[in-house]
Structure formats: structure tokens, C-alpha cells
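One structure below.
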Amino acid sequence: MRHYCEPPDPGYCPQCKEIVIPELVDFGIGAYEYWGARGVHEDRRWVCPCCESELQEFCEDEDE
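Residue numbers (the numbering used here): -10 to 53.
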């Protein structure tokens, strides 16, 4: 399991059609309150820094 502090491997962005170094983005809703209980929702994902789409694994052996 990859930890958030480890540097990411480059991945292929199908939307930008480029190999990019992922960026950690939080897609969570943030602070919330539910029946008096307060919390913070976080949903961190490694995504493309340009378009924030999910990346695919990159293999140099594959033909384009």
C-alpha cells in the first residue's frame, strides 16, 4: 500500500495523452456536522495535475 508521503510513479493521462507526474488532490467534502458530531471528510487521490483525471499505468513496451 502506497503512503501519501511517498513520491508517485509517472502515469499516463488518457485525457491529456501524456505521461505526467501525479499530484495529490483532496476530493473530500471538507468539514461537516452530523447529529452534533463534527468531522472532516478527506478523499485524497493521485491525479493528473492538468485535468485532474485518474491516471493509467505506463508500460514502455506497449505500442501507441
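Using N, Cα and C, we set each Cβ at its ideal position, and we do this for glycine too.
Local Cβ density within 10 Å of residue i, reported as buried at 16 or more and exposed below that
i	result
residue 0	buried
residue 44	buried
residue 2	buried
residue 37	buried
Assigned secondary structure, residue i (DSSP; H/G/I helix, E/B strand, else coil)
i	result
residue -5	coil
residue 46	coil
residue 10	coil
residue 5	coil
Cβ shell of residue i (< 7 Å), same chain only, five flanking positions each side left out
i	result
residue 18	30
Contacting residues, own chain, Cβ-Cβ under 6 Å from residue i (five flanking each side not counted)
i	result
residue 4	40, 42
Residue ranges of each beta strand (DSSP E) within the stretch 18 to 42, 3 or longer: Qualifying beta strand (DSSP E) stretches, in chain order: 19 to 23, 26 to 30, 33 to 36.
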